[in-house]
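These notes concern the structure reproduced below.
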Amino acid sequence: MTKIGEVAPLIFIGGAPRSGLTLLRLILDAHPTISICPDTGVLSLALAQRDFALTLGELHRDHLNLSPERVSANFAAAIRSILGARAARDGKLRPGEKSAMNVLVFADLASIFPDAQFIHCVRDGRDVVASLLERRWKDPRTGKVFDYCQDAGAAARYWAGLAEIGLRAEQAIGSARIRRVKYEDLVRDPRKSLSTLSDFLAVEKTDQPLRFQERALDLAGMEKEERSRLSAPISEAAVGRWRRDLTQRQQSEVIAAAGPALRALGYLLD
Amino acid sequence: MIDAPIFVGGAPRSGTTLLRVILDSHPNIACGPEFRIIPSLAALSANTRQLMGDTLSAHCGLGEEALNSVFANLISSFLESYRQARGKARIAEKTPANALHFSELARLFPSAFFVSIIRDGRDVVSSLMKMDWFEARTGERMAITTHAECAARAWVSHIEEARKVAAVGGRFFEIRYEDLVESPESELRKLFDFLGEPWRPEVLSFEKNETIFVGMNESSAQSVARGLNHSARGRWRRDLSTADKTAVKSVAGDLLIKLGYAHDQNW
């Protein structure tokens, strides 16, 4: 357990969209010790640090008296300032951040924060596809709906790409620092998921997080689309929705595009 | 956070390296080789505020001032580290593209000083077209070294973006390369007066500065070590093709006239 005065290890949640990230954020955020920010953009800072290390690190180390370790610590301070503000506001000890795309920088964050902990949210890719096809998310650059919200094959490729990135991050970071949370487990038995995560995060075991709906949900940005679903009792109803929502043809397209990722995550056994 | 940093910028090939070596030759100012990181951090600051500012404020307890401090502190960490290494009182940083971000930097550092060096755009373009500069990510030649129109656009934007900082209350000083070469003492006295620094004649002996060749990432290092170059002016007359001139006129013709480098479009 983190003691008062110690700098608390950060918690990063990431994974393909539609995999229960927001639900998990709300549950953990209702824990007395934990504050999980919604998408804050800190991943851009992690990317900037990676880019710097690759393109300018040597220059600064050799000629400008600035070691890579110092630079990494400076970026760490920036990220921690952003995430720490909310934790301080709420009187919580452990700051964290949830953003689907955090998986892209899990390994970078693991290196910037040697003691940070990571949660990789996963879900059956076929159900993710079914869920994505309901969305009308638009590319801000073109104003057009993303192809992964319109076409099953595109959605499957999108999901598989992120799932594979997440899997590589798991291997790179190691099981001591990253845990996989399956959407299906989270909605079937939230108490058990919470208990397992509490052990992993070394935080107090309490039922308080499961009562997160007793207060008004503080949803940010795109999370607001899910207000009614997140306000309703946690339900397994969406597990396996692909069987009724995807046509035979779409199911084949998904297997063709995402078979290996589905197998790697244990969703396809053959 | 650094109190009154000096940010130096300008279109590449406008004398930015000459200027930074001169500044570094003042006993009170450290201005080493380009850091090349500040433009991307300034852009990240602006983008974060624009895209996430509302979320951060409404949902994360991070108001605009606090968010600005995050980026100011991050940029300061680079500046302060170098300043300490050099043991000088003040820090200045030159990266040409800083000019494109002066306004954002003024937001992050309200007490900063901004210096832009400008030069005849035709000479800038002709100099750019001779550079062997490659994009780090793709390995391809930079467009500003292969296409006159691109080069001219870069020239215009560095000058115009830099000038915008004055409109938002930033302390701004624009110096002309041609004037610096012709009358160095008179121009530099004005510059150091702007910066609030006493005149020191050793700045005129800048070619002896020991940091000129540090890093070897500044294309003009060798040229600066040879002292002021009086023969570079008007190089465009021999270097720019007719097609190049047409391209430059289309993008930069008006600004050349406004700055007094040309009287019309008949050059």
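From first to last, the protein sequence lines stand for chains R and W.
For my numbering, count along the first sequence from 1 and bump the result up by 11.
Counting from 1, position 138 in the second sequence corresponds to residue 127 in my numbering; the numbering is continuous, with no gaps.
Ideal Cβ positions, reconstructed from N, Cα and C, are used throughout, including at glycine.
Check: Is P1 (chain W) helix, strand or coil when you go by DSSP?; Outcome: coil
Check: Would you say H90 (chain W) lies against chain R (beta-carbon separation less than 8 Å)?; Outcome: no
Check: Would you list the residues sitting across from H131 (chain R) in a DSSP beta bridge?; Outcome: R:G25, R:R191
Check: Going by CA-CA distance only, name the one from W:L68, W:A55, W:R72 that's closest to A96 (chain R).; Outcome: W:A55
Check: Could you give the residue range of the beta strand (DSSP E) that holds S46 (chain R)?; Outcome: 45 to 48
Check: Secondary structure at R160 (chain W), three-state DSSP: helix, strand or coil?; Outcome: strand
Check: Give the single residue among R:E108, R:Y278, R:V114 whose Cα lies nearest to the Cα of G177 (chain R).; Outcome: R:V114
Check: Taking Cβ positions only, does R226 (chain R) come closer than 8 Å to chain W?; Outcome: no
Check: Taking V307 (chain W) and L229 (chain W) to be in contact with their CB atoms under 8 Å, please state how far apart those CB atoms are, rounded to whole angstroms.; Outcome: Residue 307 (chain W) lies beyond the residue range present for chain W, which begins at -10 and ends at 256; the question has no answer from this structure.
Check: If you reduce the DSSP assignment to three classes, tell me which class G16 (chain R) lands in.; Outcome: Interpretation of G16 (chain R) is limited by its pLDDT of 46, a score under 50 that renders its predicted location unreliable; the figure taken from the coordinates is listed afterwards. G16 (chain R) falls in the coil class under three-state DSSP.
Check: For a test of the three-state rule: what should DSSP assign to G5 (chain R), helix, strand or coil?; Outcome: Look at the range of chain R in this structure, 12 to 281, and you will see that residue 5 (chain R) is not part of it.
Check: Please list the residues of the stretch 41 to 71 of chain R that have a C-beta atom closer than 8 Å to any C-beta atom in chain W, keeping them in chain order.; Outcome: C48, P49, D50, T51, G52, S55, L56, A59, D62, F63, T66, L67, L70, H71
Check: Please report the Cβ distance between G26 (chain R) and H131 (chain R), rounded to the nearest whole angstrom; I am assuming they are in contact, meaning their Cβ atoms lie under 8 Å.; Outcome: 5 Å
Check: Would you mind giving the Cβ-Cβ distance between S146 (chain W) and L94 (chain W), rounded to the nearest angstrom? I have them listed as a contact below 8 Å.; Outcome: Contact flag wrong, Cβ pair sits at about 16 Å.
Check: Would you decide whether P16 (chain W) is buried or exposed? Buried here means 16 or more other CB atoms lie within 10 Å of its CB.; Outcome: exposed
Check: Can you tell me which of the three DSSP states E247 (chain R) falls into?; Outcome: coil
Check: Quick one, which residues of the stretch 7 to 30 of chain W are near chain R if we go by CB-CB under 9 Å, in chain order?; Outcome: G21, P22, E23, F24, R25, I26, S29, L30
Check: Output, in chain order, the set of chain C residues within a Cβ distance shorter than 7 Å of I24 (chain R).; Outcome: Protein chains R and W are contained in the structure displayed, whereas chain C is not.
Check: Does the stretch 211 to 228 of chain W come within contact of the stretch 133 to 148 of chain W, defined as at least 3 CB pairs closer than 8 Å?; Outcome: no
Check: Could you tell me the alpha carbon to alpha carbon distance between A99 (chain R) and S65 (chain W), rounded to whole angstroms?; Outcome: 24 Å
Check: Are the stretch 200 to 210 of chain W and the stretch 0 to 12 of chain W touching, with three or more C-beta to C-beta distances below 8 Å?; Outcome: yes
Check: Taking only runs of the beta strand (DSSP E) that begin and end inside the stretch 17 to 103 of chain W, which ones reach a length of at least 3 residues, in chain order?; Outcome: 79 to 83
Check: Assign D126 (chain R) to one of two classes, buried (16 or more other C-beta atoms within 10 Å of its C-beta) or exposed (fewer than that).; Outcome: exposed
Check: Among residues of its own chain, excluding the 5 on either side of Q60 (chain R), which ones have a beta-carbon nearer than 8 Å to its beta-carbon?; Outcome: V82, S83, F86, D119, I123
Check: So, helix, strand or coil for K216 (chain R), using DSSP?; Outcome: coil
Check: Helix, strand or coil for E199 (chain W), going by three-state DSSP, please let me know.; Outcome: coil
Check: Given a threshold of 16 other Cβ atoms within 10 Å of its Cβ, counted over all protein chains shown, does R240 (chain R) qualify as buried or as exposed?; Outcome: exposed
Check: Using only CA atoms, which one of R:R91, R:A163, R:P79, R:D162 lies nearest to S70 (chain W)?; Outcome: R:P79
Check: List the residues that DSSP assigns as beta-bridge partners of S105 (chain W).; Outcome: W:G(-2), W:E163
Check: Considering just the uninterrupted stretch of the alpha helix (DSSP H) at R226 (chain W), what are its terminal residues?; Outcome: 225 to 228
Check: Counting pairs of beta carbons, one from the stretch 43 to 57 of chain R and one from the stretch 65 to 76 of chain R, are three or more of them closer than 8 Å?; Outcome: no
Check: Going by other Cβ atoms of all chains shown within 10 Å of its Cβ, with 16 needed for buried, is F123 (chain W) buried or exposed?; Outcome: exposed
Check: Which residues in the same chain as G68 (chain R) place their Cβ atom closer than 6 Å to its Cβ, once the five residues preceding and following it in sequence are excluded?; Outcome: P79
Check: Got a sec: which bits of the stretch 36 to 51 of chain W sit with their beta carbon under 8 Å from any beta carbon on chain R, in order along the chain?; Outcome: N36, T37, L40, M41, T44, L45, A47, H48, C49, G50, L51
Check: For chain R, is any of its Cβ atoms less than 8 Å away from the one on V213 (chain W)?; Outcome: no
Check: On the three-state DSSP scale, how would you describe G136 (chain R)?; Outcome: helix
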